[in-house]
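Everything on this sheet refers to the single structure shown next.
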Amino acid sequence: MKQTILTVIAIIACFGIASATSPVDYVNPLVGSQSSHALSAGNTYPAVAVPWGMNFWTPVTGEMGNGWTYTYQSNTLRGFKQTHQPSPWINDYGQFSIMATSGEPVFDQNKRASWFSHMAEEAKPYYYKVYLASHNIHAEMTVTSRAAMMRFTMGNEGRNNIVIDAMDGGSMISVDKTNRRITGYTTKNSGGVPRNFKNYFVIELDHDIENVCGVENGYNDTLKLDKTECTGNHAGVVLVLNADRGESVNLRMASSFISPEQAVLNLKELKDGTFDEVKERSKAEWNEVLGRVEVEDDNLDHLRTFYSCLYRSVLFPRSLYEIDAQGNVMHYSPYNGKVLPGYMFTDTGFWDTFRSLFPLLNLIYPSMNEKMQQGLANAYRESGFLPEWASPGHRDCMVGNNSASVVADAIIQGVTTQDQETLWEAVTHGANSVHPRVSSTGRIGWEYYNSLGYVPCDVGINESAARTLEYAYDDWCIYQMGKAMGKPESEISIYKDRAQNYRNLFDTETKLMRGKKKDGSFAENFNPFKWGGDFTEGNSWHYTWSVFHDPDGLINLMGGNSQFAAMLDSVMTMAPLYDDSYYGFTIHEIREMQISGFGQYAHGNQPIQHMLYLYNYCGQPWKTQYWVREVMNRLYKATPDGYCGDEDNGQTSAWYVFSALGFYPVCPGSGQYVMGAPYYNKVKIRLENGKKLQINAKDVSDTDRFVQQYQVNGKVHNLNTIDIATLKKGATIDATMGNTPASYQKGESPIAPKKKRTYLFGK
Ligand code: CA
95 MKQTILTVIA IIACFGIASA TSPVDYVNPL VGSQSSHALS AGNTYPAVAV PWGMNFWTPV
155 TGEMGNGWTY TYQSNTLRGF KQTHQPSPWI NDYGQFSIMA TSGEPVFDQN KRASWFSHMA
215 EEAKPYYYKV YLASHNIHAE MTVTSRAAMM RFTMGNEGRN NIVIDAMDGG SMISVDKTNR
275 RITGYTTKNS GGVPRNFKNY FVIELDHDIE NVCGVENGYN DTLKLDKTEC TGNHAGVVLV
335 LNADRGESVN LRMASSFISP EQAVLNLKEL KDGTFDEVKE RSKAEWNEVL GRVEVEDDNL
395 DHLRTFYSCL YRSVLFPRSL YEIDAQGNVM HYSPYNGKVL PGYMFTDTGF WDTFRSLFPL
455 LNLIYPSMNE KMQQGLANAY RESGFLPEWA SPGHRDCMVG NNSASVVADA IIQGVTTQDQ
515 ETLWEAVTHG ANSVHPRVSS TGRIGWEYYN SLGYVPCDVG INESAARTLE YAYDDWCIYQ
575 MGKAMGKPES EISIYKDRAQ NYRNLFDTET KLMRGKKKDG SFAENFNPFK WGGDFTEGNS
635 WHYTWSVFHD PDGLINLMGG NSQFAAMLDS VMTMAPLYDD SYYGFTIHEI REMQISGFGQ
695 YAHGNQPIQH MLYLYNYCGQ PWKTQYWVRE VMNRLYKATP DGYCGDEDNG QTSAWYVFSA
755 LGFYPVCPGS GQYVMGAPYY NKVKIRLENG KKLQINAKDV SDTDRFVQQY QVNGKVHNLN
815 TIDIATLKKG ATIDATMGNT PASYQKGESP IAPKKKRTYL FGK
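Numbering (this note's numbering), first residue to last: 95 to 857.
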């Protein structure tokens, strides 16, 4: 009997039946990878990583250096790349790749490429496995933040090779055959790095190296036998192994932006563990982070989508700091090239991520954002500016000065415990200057904005209306931050006044925002369907709602609640007309709006992602509840084509996470969320302070999607907003759901907390 039980246990263990499904098991890292230049289904790659890890690893289908690193529709793999890429448009830096081949040693990326199939592929956040069919090799990888392991199981007897590709632009590889150790560096980058930038790597093999062939000038260079020292524009080596059939070759690797010695130190993250031990530890790390949110739902697809989105929400901004031999937190500065103490994070664009990604961190992972805020203070000290788009240093990309939102929200929510004064200096400096070389850092056009109240459209500054609207919100954030820090009104009231600058672009005739000329007249030939021009990756119908901090003010400008609601309705019901003349071709964001079936509502890009929640301000919250669920159902799937546009470093995913909980941060810095409707029967969030936030919506469904009543901690909650502080104390939200809208009350607009009006539901 005993033996039988043991046998059964052994069988169960073998087939994995006994292990309960854990949060990370629901994640599909391939979501969003079925993308191209013309159409983005996320523009993501399967990041094999730990949460906020310094290095990610990904299989590579594209040519080395191509931002479209891994595309689901491809048939061949060229290697496995250590990557720091936030987006294909921004591309990568510090990357190098590894491949295993059989037969004659080859370095060329086309000749070494192998056919593969998704049927012989397993992608997890902490583990990736694939069959390299052309070489009869099973490849596996698993990771820590700064180290990784690969295991290649050779299917062919005899000559098998490990290819190390340090990329072009200046690289080095040195092979110590005796100690089976490879060291080197890559300098490959796409900008935003100091002159001395290097990513140093160390790789240790557990197998003898028979021969080494090397190149110094890339794929067209002839492989030279016994070339163990390669330094040139493009260094690469092929390690020839004499492996048995079925033999596994393990690689232990680490890297550092600081020094070769630090790279060796970073190997310690592997703790001398076996491949499987490292894999299990990395899996446990994911479950700790993803498991902070427990979702109960009997629809497996819902769970897969939710946890796949949560996975994307905890990758960026990535760590760019390392721990030295004494245990100190150190970083290589991507701003001044020095090695300095303290935290540093990078690879995020605040134009995207101020909206809901950073608010999500403040709710569920505040200790991480606390470190990120220290990193921002360091970025200011090292470069004189807060970043707006960092990868790894300042990049010229997008508009706005939304670092103010990211910094202010963290201070207002009590997340930031250090460097507050430095951050205050940073946001006020950034509001009144522009980076001398990176025009999207600080505020281009700040002189016009401060004197005229807007950035004119006829002074050679593009996308001027978008900039104005975002600067006005950013000013409101600075004002709120100053208030929270106890700054005197005399110092901060200027920002309160400037927060109203959005009014300067409102055209009463069309009830839309328009570009304005220096002389005070609106730009001629206004086409509200024109993307770009005075706006950024959107049209006037998208950007008119960028008054996060004062929806009441916008309602008044539009002529009241019913006018405002009608304008919102129009976005959802108009045909997806567009004018792409600013770009000269149909940019993918336009195409994604056109095909998604939501009229002018372009959820595939960021400017409009808060819009559906604005129905709460005009007394029609049921339309928020209706449309948000439609977007969740139709525009998010746990499949390779699962996003409706660029995912953008957690922003589009964090929208889903918040929306699934039943509330959304329309105005970061306000201390409030705006209510939607819960998507699941039950969600439990373990907050870092030990408190629990629970959201119950018994019998919620696509039919019963309308909130009849909210109770917070057992008391009826009639506001359409909820204080974040209430939730952080630990709270239970009970939503009663129904198939028709019910009476409800309008919440306070964040900028006018004393003004309270009540609107009843109607049909
Ligand atoms: Ca985007």
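Note that CB positions come from ideal geometry on N, CA and C, so glycine has one too.
As assigned by DSSP and simplified to three states, the class of residue i
i           : result
residue 682 : helix
residue 324 : strand
residue 383 : helix
residue 809 : strand
residue 262 : coil
residue 575 : helix
residue 333 : strand
residue 368 : coil
residue 712 : helix
residue 312 : helix
residue 403 : helix
residue 375 : helix
residue 827 : strand
residue 425 : strand
Exposed unless 16 or more other CB atoms sit within 10 angstroms - verdict on residue i
i           : result
residue 479 : buried
residue 689 : exposed
residue 680 : exposed
residue 860 : This structure does not reach residue 860, given that the chain is present from 95 up to 857, and the question cannot be answered.
residue 821 : buried
residue 608 : buried
residue 114 : exposed
residue 420 : exposed
residue 282 : buried
residue 406 : buried
residue 461 : exposed
residue 301 : buried
residue 539 : buried
residue 736 : buried
residue 299 : buried
residue 355 : exposed
Close beta carbons around residue i, own chain, < 6 Å, minus the five adjacent residues each side
i           : result
residue 769 : 757 and 814
residue 234 : 223 and 245
residue 774 : 389 and 391
residue 702 : 636 and 696
residue 641 : 596 and 648
residue 827 : 789 and 806
residue 705 : 639
residue 45  : Since the displayed the chain opens at 95 and closes at 857, residue 45 lies outside it and no answer follows.
residue 738 : 686, 690, 697, 698 and 729
Spatially closest choice to residue i from the options, by CA coordinates
i           : options               : result
residue 771 : 784, 805, 231 and 200 : 805
residue 566 : 637, 282, 304 and 210 : 637
residue 459 : 495, 408 and 632      : 408
residue 315 : 400, 301 and 200      : 200
residue 278 : 583, 650 and 258      : 258
residue 158 : 791, 284 and 221      : 284
residue 562 : 575, 580, 611 and 518 : 611
residue 529 : 429, 507 and 615      : 429
residue 162 : 135, 293 and 188      : 135
residue 653 : 600, 667 and 276      : 600
residue 803 : 422, 783, 834 and 230 : 834
residue 151 : 123, 128 and 133      : 123
residue 809 : 800, 792 and 830      : 830
residue 477 : 512, 532 and 249      : 532
residue 179 : 750, 378, 352 and 160 : 160
residue 243 : 515, 184, 346 and 554 : 346
Cutoff 7 Å; reference residue i; Cβ partners in own chain excluding five residues on either side
i           : result
residue 573 : 586, 589, 590 and 593
residue 225 : 210, 214 and 232
residue 707 : 718, 758, 760, 768 and 770
residue 825 : 787, 806 and 807
Cβ-based neighbour list, residue i, same chain, cut-off 8 Å, excluding 5 preceding and 5 following
i           : result
residue 544 : 526 and 592
residue 329 : 260, 265, 266, 267, 278, 308, 309 and 310
Across the segment 261–268 and the segment 468–483, are there enough close Cβ pairs to call them in contact, namely three or more that are closer than 8 Å? no
If we count Cβ pairs, one from each stretch, closer than 8 Å, do we get three or more for the segment 429–438 versus the segment 136–148? no
So does the segment 319–339 actually touch the segment 173–188, counting three or more Cβ pairs closer than 8 Å? no
Give a yes or no on contact between the segment 490–498 and the segment 445–452, applying the rule of three or more CB pairs nearer than 8 Å. yes
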